[in-house]
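If you count by the numbering used here, then the sequence shown holds residues 627 to 972, one letter each, in order.
Note that CB positions come from ideal geometry on N, CA and C, so glycine has one too.
Quantities reported herein were computed from a predicted structural model and do not represent experimental measurements.
A short worksheet on the structure shown next.
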Amino acid sequence: MYNGNRIAVVVPAYNEEGFVGRTIETTPSFVDRVYAVDDGSTDGTWDEIRRTTRRLNADKEKAMIADGGHHDGEFVVPLRHETNRGVGASIKTGYRAAMEDDMDVVAVMNGDAQMDPSILHRFVDPIVEGRADYAKGDRISRRENVGEMSRWRLFGNHLLTSLTNLSSGYWRTVDSQNGYTAISVDALREIPLDDVYDEYGFLNDLLTTLNLHDFRVVNVPHRAVYGDEESGIVYREFVPRLSGLLLRNFLRRLAVRSRDARYVPAVLAYCLGLAAAFFGAGSVLRAAERGVRRRYSSGLLRGVVTGVCGVVLFVLGCRLDARAAEPLETEYTGDRYEARADSDAE
Numbered sequence: 627m628y629n630g631n632r633i634a635v636v637v638p639a640y641n642e643e644g645f646v647g648r649t650i651e652t653t654p655s656f657v658d659r660v661y662a663v664d665d666g667s668t669d670g671t672w673d674e675i676r677r678t679t680r681r682l683n684a685d686k687e688k689a690m691i692a693d694g695g696h697h698d699g700e701f702v703v704p705l706r707h708e709t710n711r712g713v714g715a716s717i718k719t720g721y722r723a724a725m726e727d728d729m730d731v732v733a734v735m736n737g738d739a740q741m742d743p744s745i746l747h748r749f750v751d752p753i754v755e756g757r758a759d760y761a762k763g764d765r766i767s768r769r770e771n772v773g774e775m776s777r778w779r780l781f782g783n784h785l786l787t788s789l790t791n792l793s794s795g796y797w798r799t800v801d802s803q804n805g806y807t808a809i810s811v812d813a814l815r816e817i818p819l820d821d822v823y824d825e826y827g828f829l830n831d832l833l834t835t836l837n838l839h840d841f842r843v844v845n846v847p848h849r850a851v852y853g854d855e856e857s858g859i860v861y862r863e864f865v866p867r868l869s870g871l872l873l874r875n876f877l878r879r880l881a882v883r884s885r886d887a888r889y890v891p892a893v894l895a896y897c898l899g900l901a902a903a904f905f906g907a908g909s910v911l912r913a914a915e916r917g918v919r920r921r922y923s924s925g926l927l928r929g930v931v932t933g934v935c936g937v938v939l940f941v942l943g944c945r946l947d948a949r950a951a952e953p954l955e956t957e958y959t960g961d962r963y964e965a966r967a968d969s970d971a972e
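Structure representation (structure tokens):
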């Protein structure tokens, strides 16, 4: 228990032999249950999960008997997909198991041992204190946290963050691909979890879904951690799929938010901006095809002015959208609490 809440951790793993056992073993002592989900791995991941499960469950049982405590079910629950279904599907399997077991908060720590278990409380605190419904990691908003992240990867993270902000409606959320998260089970019960994307776009799709249900999100700054693990992302497939997902989510969100008075001004600005931008671009292209001669120069100028007005309207839509979403984005205050605790200790 953690401040009266039952805490679970989902450990999704695909070909993480040599890492997944360490991830499970290092979960903090306040965690009530770990759901280790093997997503159809082809290496020794499943065997490593089962070995770790047997040992930790036996140790937990012995500890409970020794101090007279109450042992309520297994500490580690091993789950397996017969075929590879995607990281999102693995997390959803863990989420469903946590809901069935009446957990209160569910965190995700990937099986590659990249997520520092000593800071899990930073993700759980905003939820158990009622300040947020979903906490997600942030490695890139502070220079000191970036660590060994390459410039190319940092650029990609910033770009995907900006596109996810537009798609999801959470404008202060950063590091959109960071999988270190925690969510309240109450939120999980209210969203259509089965409809959330099963693959690497799961995190982006979940944000849009949470936004459409008015759940509060908080960024949790932490340092980037890297080891000997290798990424399983195939970028030539990932980028087109994620781009399509983000576009569909943006349009889906506009359709839903068009019925919400808080967002109507933003939706109107977006729609007018897109219409003007496309009309302006079309006028410019037609003028270019005919050749920029004197009799076509007015059409070219009209197209450029219309296009610029469209961009301005779209940017205005972004500002109005961000203002409407302000109540859904919670400020992280953990640094203050930790600094205060350090001062008290001195």
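(message) Which complete alpha helix (DSSP H) runs does the stretch 721-755 hold, if anything under 4 residues is left out?
(response) Inside the stretch 721-755, DSSP marks whole alpha helix (DSSP H) runs of 4 or more residues at positions 746-754, from first to last along the chain.
(message) Considering only heavy atoms of the ligand NAD, does any lie closer than 8 Å to the CB of Pro847?
(response) Ligands are entirely absent from the displayed structure, and the ligand NAD is therefore not among its contents.
(message) Let me check understanding here. Comparing Cα to Cα, which of Asp727, Arg883, Ser909, Gly908 lies closest to Cys897?
(response) Arg883
(message) Please report the straight-line C-alpha distance between Val646 and Ala892, rounded to a whole angstrom.
(response) 44 Å
(message) With distance defined between alpha-carbon atoms, name the residue in Asn830, Asp821, His848, Glu651 nearest to Thr787.
(response) Cα-wise, what sits closest to Thr787 is Asn830.
(message) So, with DSSP's three-state summary, where would you put Ile675?
(response) helix
(request) Using the Cα positions of Gly694 and Leu877, report the straight-line distance between them to the nearest angstrom. (result) Legend: pLDDT at Gly694 = 45, less than 50; position of this residue unreliable, value from coordinates given subsequently. Going by the C-alpha atoms only, they are around 56 Å apart.
(message) On the CB-based measure, 16 or more other CB atoms within 10 Å of its CB, does Trp672 come out buried or exposed?
(response) buried
(request) Identify, in the order they occur along the chain, each residue of the same chain with its Cβ nearer than 6 Å to the Cβ of Val663, setting aside the five sequence neighbours on each side. (result) Pro638, Leu705, Ser716, Thr719, Gly720
(request) Compare the C-alpha of Thr959 against each of Val931, Asp685, Asn845 and name the closest. (result) Asn845
(request) Counting only the same chain and skipping the five closest in sequence on each side, list residues whose C-beta sits under 7 Å from that of Ala692. (result) Unreliable positioning characterises Ala692 in this predicted model, as indicated by a pLDDT of 46, which lies under 50. The coordinate reading is nonetheless provided below. Taken in chain order, the list of residues that qualify is empty.
(message) Distance check for Leu789 and Val941, CA to CA, integer angstroms please.
(response) 13 Å
(request) With a cut-off of 8 Å on the beta carbons, I'd call His848 and Ile766 a contact; round off their distance for me. (result) The pair is not a contact, with the Cβ atoms about 11 Å apart (cut-off 8 Å).
(message) Report the CB separation of Arg798 from Met729 in whole angstroms; it is logged as a contact under 8 Å.
(response) Contact doesn't hold; Cβ gap of about 28 Å is too wide.
(request) Give every residue of the same chain whose Cβ lies closer than 6 Å to the Cβ of Arg769, excluding the five residues on either side of it in the sequence, and list them in chain order. (result) Residues of the same chain with a CB within less than 6 Å of the CB of Arg769, apart from the 5 flanking positions on each side, do not exist.
(message) So for Pro638, helix, strand or coil by DSSP?
(response) strand
(request) Put Asp820 into one of helix, strand or coil per three-state DSSP. (result) helix
(request) Can you check DSSP and say which residues form a bridge with Glu955? (result) Val843
(request) Please name the residue, chosen from Gly929, Asp820, Ala903, that lies closest to Ala913 on a Cα-to-Cα basis. (result) Gly929
(message) Let me check one thing: in DSSP terms, what residues is Val702 bridge-paired to?
(response) Val660
(request) Tell me whether Thr709 is buried or exposed, calling it buried when 16 or more other Cβ atoms sit within 10 Å of its Cβ. (result) exposed
(message) Distance check for Tyr628 and Arg644, CA to CA, integer angstroms please.
(response) Before going on, a small fix: residue 644 reads as Gly here, not Arg. Between the alpha carbons of Gly644 and Tyr628 lies a distance of about 29 Å.
(request) Could you name the residues that DSSP lists as bridge partners for Thr807? (result) Val734, Lys762
(message) Less than 8 Å between C-beta atoms, sequence neighbours within five positions excluded: which residues of the same chain meet that for Ala895?
(response) Leu939, Phe940, Leu942, Gly943, Leu946
(message) Going by DSSP, what residue range makes up the alpha helix (DSSP H) through Val646?
(response) 646-651
(request) With a 10 Å radius around its C-beta and 16 neighbouring C-beta atoms as the bar for buried, classify Asp669 as buried or exposed. (result) exposed
(request) Go ahead and pull the three-state DSSP assignment for Tyr973. (result) Any property of residue 973 remains undetermined from this structure, which presents the chain solely from 627 to 972.
(message) Cutting at 8 Å between CB atoms, please list the residues of its own chain near Thr956, excluding the five before and the five after it.
(response) Leaving aside the five residues that flank Thr956 on each side, the residues in its chain whose CB is nearer than 8 Å to its CB run, in chain order, Pro752, Arg757, Ala758, Arg842, Val843, Val844.
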